[in-house]
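Asks: Starting off with a structure, shown below.
There are 2 protein chains.
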Amino acid sequence: MSFSRFEIPLRTIMTPGPVEVDPRVLQAMSSPILGQFDPAFTAIMNEVMEMLRQLFRTSNRWAYPIDGTSRAGIEALLCSIIEQGDKVLIPIYGRFGYLLAEICERYGAHVYTIECEWGNVFDPKEVINEIKKVRPKIVAIVHGETSTGCMQPLKEIGEFCREMDVLLVVDAVATIGGTEVNVDEWYLDGVIGGTQKCISVPSGMAPITYNDRVEKVVLSRKKVERGIQTDLDRSIPSTGKTIISNYFDLSQLQDYWGPRRLNHHTEATSMLYALREGLRIILGEGLTKRFERHRLHERALVAGIEAMGLSLFGDKKRKLPTVTCVNIPDGVDGESVRRMLLHEFGIEIASSFGPLHGKIWRIGTMGYSCRKENILRLLTALEAVLVYHSVRVNRGEGVQEALKVYVEQSKVMNAGW
Amino acid sequence: MSFSRFEIPLRTIMTPGPVEVDPRVLQAMSSPILGQFDPAFTAIMNEVMEMLRQLFRTSNRWAYPIDGTSRAGIEALLCSIIEQGDKVLIPIYGRFGYLLAEICERYGAHVYTIECEWGNVFDPKEVINEIKKVRPKIVAIVHGETSTGCMQPLKEIGEFCREMDVLLVVDAVATIGGTEVNVDEWYLDGVIGGTQKCISVPSGMAPITYNDRVEKVVLSRKKVERGIQTDLDRSIPSTGKTIISNYFDLSQLQDYWGPRRLNHHTEATSMLYALREGLRIILGEGLTKRFERHRLHERALVAGIEAMGLSLFGDKKRKLPTVTCVNIPDGVDGESVRRMLLHEFGIEIASSFGPLHGKIWRIGTMGYSCRKENILRLLTALEAVLVYHSVRVNRGEGVQEALKVYVEQSKVMNAGW
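As given, the protein sequences belong to chains A and B, one line each in that order. Sequential numbering of the first sequence, starting at 1, is according to full-length UniProt numbering. Sequential numbering of the second sequence, starting at 1, is according to full-length UniProt numbering.
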């Protein structure tokens, strides 16, 4: 078996991630390596922390990436605060709520779940009532469920958790960088973001932030005795049990990201370059303007999809602005449509998980993929593929409705979006 | 706080990692994103598995990267086979042996250690005797200790472990791609490599391989019940306890890397591009030729260092060919020398850990950093910096001795090395 030079096809990626990456980010990644303790590199680490604080809208001291994919960030936060037998309440409204429950159970938590129908979210009062009943140490919840395209309002839940001294951990993987995630204003204690979605940086890093309430629990865990004193010396006395994972131990990670710079892993150089450039682009665009852009393209996409004669899945009032779920028309092989979109048009959209597999398509409008030409290209291609599959659609209507949204917006904004 | 465009200084990196990366690898990383289930991407995943088998010199079915830095690979392998109370024997001869012990203890193993003086390694018979005494389920050992520059012979230990049905897990982070790591021939059951050293790919991935003996233990662990059936359905009955980590659960990871392609994480797209290109370059050079190249440059470096009047740390018979440890002359501030090398010459070398901190410098000859011009540049720069620090050296001798090694080699090989 011999291996050819590296070559890949160019795709239009309209899934809920991984999505396309700005060429400036790709270029940053191709910069030469720096040593992990090179002052030029630790300066980048510090800049990324400050940029993440701005992205998360927080004054938390700790905001840094975990070197792994999004679920690495989720596991790091949860495993650093969960001790055997801790009560964790998890409201589940889609596939990724199950992941939170799975991770908590693995680390020995006593997991309580409430579930609601896929395609909807919880009334905050329902969650609050359950907190009153269960009295958990931690509530863990997904902000944007890419599996169902729904978004859970968090502020009321956050306020109540703070009042009750419950830690609120939020999976904001699908929302960070694409719509509001107001960590401090919503009283979120620990939050995990994803890079490969609305931040539009390749998969492989998970930015997290957590406040002093979380840090207090982390530092109360028993310190690891073994090892060399210079690497592992810790001054704070401990009461809890040891954090099981070494790789995800936030007490060691913050000593590496903090001024002590105690050696832990070797920070993923090129991925950090990518994250820095991705965050610079986001903050340069401005968070508010960026969220408006995401909503504009979502509006154009939804207008086009509905004008074409297709229907959306889920409660529109609870719709995630970065993912649009479309019901697959009766009798249509959803996978055959996806394959034709990919092979003939080079456009990727997603299927879904579990009970929704084969029932809906999921279309992402995230980060750098969230562009006018991508929306219009997808609508025209999807129509052609559906007609090829003998689906009755309103020919030409989809792209016209989307165009109207853009033209109207141009008049208002005089903007080149 | 505003953030400037991305810019970094160009360094000559002569540490034990992260080291310089071939421009072709940097270029591959700047290729556009593919979706994780795009056939063009899963083809790359399969190619990388085959390339890793060749690199590890194994016919193991499983050889794939963990999405995280090297210690993520170590933790993934260990936590997937260690159950509460399992006996693990760890022969420690430097800093990274302690890391193995720390990880095993965190996961509830009963850890037995033997230690030898830093700068030396174990006589295999010593390890074998200890195995007879302890009767562990697992022996975990470092192949190349970057902290001391020593390399542990493994074949005898491997043979005995196989005979006794003990699992041998090896941290080959510092050796893979730079010197022989013969997984099958040496009877290694599970092996972890690092990308940021002799493979010369940025930090952020940890290639691992394991055989059916390890897989059997992994599959005997209790399957996670929670989650959606289509994602988590498993057919093999289980006897052991659940693997604690979700992110590092090899049973789920191999179902993602294998033909079932069950969704786990979102594979780190650009890092995988980098790994594929890095491996293609390595296999194109040829493993044997590559190892010879590493030894040549090590020889030139050592000749230069000694001719300059400096001495090496550790037992030369047990020297790691990819790391050279140099005793810091009495009365010299090692950190001041390192700083001047970096700031004036743009060259980075490393200090060491624990008892050796301030006593030795560590110079890497790894992967793409392991080039003639880097060795010669370092020798001349180091001499200049030492003279500046009033250290008595044999002026001009270091670079002359290194040159002799290269010229002689050119005559033999007629090669442009």
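Note that CB positions come from ideal geometry on N, CA and C, so glycine has one too.
A274 (chain A) and A28 (chain A) look like a contact to me (Cβ under 8 Å); what is the Cβ gap, rounded to whole Å?
Replies: Correct: roughly 6 Å between the Cβ atoms.
Asks: Expressed to the nearest angstrom, what Euclidean distance is found between the alpha-carbon atoms of Y247 (chain B) and A72 (chain A)?
Replies: Cα-Cα distance, rounded: 6 Å.
Asks: Can you grab the Cα-Cα spacing for the pair R290 (chain B) / V183 (chain B), in whole Å?
Replies: R290 (chain B) and V183 (chain B): Cα-Cα distance of roughly 17 Å.
Asks: Report, in whole angstroms, the separation of the C-beta atoms of I192 (chain B) and L312 (chain B), which I expect to be a contact under 8 Å.
Replies: Contact flag wrong, Cβ pair sits at about 27 Å.
Asks: For the region 135-166 of chain A, list every residue whose C-beta sits within 7 Å of some C-beta in chain E, in sequence order.
Replies: In the structure shown, chain E does not exist; the protein chains are A and B.
Asks: Return the first residue and the last residue of the alpha helix (DSSP H) that W257 (chain B) is part of.
Replies: Segment 250-257, the alpha helix (DSSP H) holding W257 (chain B).
Asks: Just to confirm my understanding: we take F6 (chain B), look at its own chain, exclude 5 residues before and 5 after, and list those with CB closer than 8 Å. What are they?
Replies: Result list for F6 (chain B): empty, nothing under 8 Å.
Asks: So, are the CB atoms of I90 (chain B) and T113 (chain B) less than 7 Å apart?
Replies: In this structure, T113 (chain B) lies closer than 7 Å to I90 (chain B) by Cβ.
Asks: Any residues in the region 298-328 of chain A with a beta carbon nearer than 7 Å to a beta carbon of chain B? Which ones, in chain order?
Replies: Per Cβ criterion, the list is empty.
Asks: Among all the DSSP beta bridges, which residues are the ones paired with K155 (chain B)?
Replies: Answer is none; K155 (chain B) lacks a bridge partner.
Asks: Got a sec? Which residues, its chain only, sit under 8 Å from M151 (chain A) by beta carbon, not counting five neighbours each side?
Replies: Result list for M151 (chain A): V121, H143, G144, E145, T175, T179, R318, K319, L320, P321, in chain order.
Asks: Can you pull the chain B residues whose beta carbon is under 7 Å from the beta carbon of S203 (chain A), in chain order?
Replies: The contacting residues are T266, E267, A268, T269.
Asks: Excluding the five sequence neighbours on either side, which residues of its own chain have a C-beta within less than 8 Å of the C-beta of E408 (chain B), listed in chain order?
Replies: Once the five neighbours on either side are set aside, E408 (chain B) has no close Cβ partner at all.
Asks: Nearest chain A C-beta to M49 (chain B) closer than 7 Å, yes or no?
Replies: Chain A contact via Cβ: absent.
Asks: Note down the Cα distance separating A303 (chain B) from T148 (chain B), rounded to an integer number of angstroms.
Replies: Going by the C-alpha atoms only, they are around 19 Å apart.
Asks: Output yes or no for whether 7 Å exceeds the beta carbon distance between T380 (chain A) and V393 (chain A).
Replies: Not a contact, by the Cβ cut-off of 7 Å.
Asks: Touch check for the region 265-273 of chain B and the region 204-215 of chain B: three-plus C-beta pairs under 8 Å?
Replies: Because the criterion of three Cβ pairs below 8 Å is met, the region 265-273 of chain B and the region 204-215 of chain B touch.
Asks: Are the CB atoms of F56 (chain A) and T266 (chain A) within a distance shorter than 7 Å?
Replies: Cβ atoms of T266 (chain A) and F56 (chain A): not closer than 7 Å.
Asks: Measuring straight from C-alpha to C-alpha, what distance separates I236 (chain B) and N327 (chain A)?
Replies: Legend: pLDDT at I236 (chain B) = 41, less than 50; position of this residue unreliable, no value from coordinates given.
Asks: Across the region 275-289 of chain A and the region 7-27 of chain A, are there enough close Cβ pairs to call them in contact, namely three or more that are closer than 8 Å?
Replies: Taking 8 Å as the limit for Cβ pairs, the verdict is that the region 7-27 of chain A does touch the region 275-289 of chain A.
Asks: What distance in whole Å lies between the Cβ atoms of I360 (chain B) and S352 (chain B), which are believed to be in contact at a cut-off of 8 Å?
Replies: That belief holds up - the Cβ atoms of S352 (chain B) and I360 (chain B) are roughly 5 Å apart, short of 8 Å.
Asks: Name the two residues that bound the continuous beta strand (DSSP E) containing D171 (chain B).
Replies: Its beta strand (DSSP E) spans residues 167-171.
Asks: For the candidate residues B:V214, B:S200, B:G177, whose alpha-carbon lies nearest to that of L188 (chain B)?
Replies: Cα-wise, what sits closest to L188 (chain B) is B:V214.
Asks: Quick one: using the 10 Å Cβ neighbour count with 16 as the cut-off for buried, is D165 (chain B) buried or exposed?
Replies: With fewer than 16 Cβ atoms within 10 Å of its Cβ, D165 (chain B) is classed as exposed.
Asks: Rounded to whole angstroms, what's the CA-CA distance from F345 (chain A) to K197 (chain A)? Just pull it up for me.
Replies: Roughly 22 Å separates the two Cα atoms.
Asks: Could you spell out the range, first to last residue, of the beta strand (DSSP E) harbouring K87 (chain A)?
Replies: Start and end: 87-92.
Asks: Checking contacts by CB at 7 Å: is S31 (chain B) closer than that to chain A?
Replies: It does: the Cβ of S31 (chain B) has a partner Cβ on chain A nearer than 7 Å.
Asks: Using a C-beta to C-beta distance shorter than 9 Å, which residues of chain A count as neighbours of S245 (chain B)?
Replies: What S245 (chain B) touches in chain A: E75, C79, I103, R106, Y107, I244, S245, Y247, F248.
Asks: Kindly indicate which three-state DSSP category K241 (chain A) falls into: helix, strand or coil?
Replies: If DSSP states are grouped into helix, strand and coil, K241 (chain A) belongs with coil.
Asks: Nearest-angstrom Cα distance between E75 (chain B) and H264 (chain A)?
Replies: Computed Cα separation, rounded: 13 Å.
Asks: Tell me where the beta strand (DSSP E) around A101 (chain B) begins and ends.
Replies: Taken as a continuous stretch (DSSP letters only), A101 (chain B) belongs to no beta strand (DSSP E), being part of the alpha helix (DSSP H) at 95-106.
Asks: Would you say L167 (chain B) and I138 (chain B) are within 7 Å of each other, going by their C-beta atoms?
Replies: A contact, by the Cβ cut-off of 7 Å.
Asks: Select from the region 6-22 of chain B all residues with a C-beta closer than 9 Å to any C-beta belonging to chain A, and list them in chain order.
Replies: Within the region 6-22 of chain B, the qualifying residues are F6, E7, I8, P9, L10, R11, I13, T15, G17, P18, V19, E20, V21.
Asks: When we look at the beta-carbon of L100 (chain A) and count the other beta-carbons within 10 Å, is it buried (16 or more) or exposed?
Replies: Flag for L100 (chain A) reads buried.
Asks: Alpha carbons only, please: which of A:A307, A:N46, A:R106, A:F3 is nearest the one belonging to G258 (chain A)?
Replies: Out of A:A307, A:N46, A:R106, A:F3, A:N46 has the C-alpha closest to the C-alpha of G258 (chain A).
Asks: Which runs of the beta strand (DSSP E) fall wholly inside the region 309-384 of chain B and span at least 3 residues, in chain order?
Replies: The qualifying runs are 323-327, 360-364.
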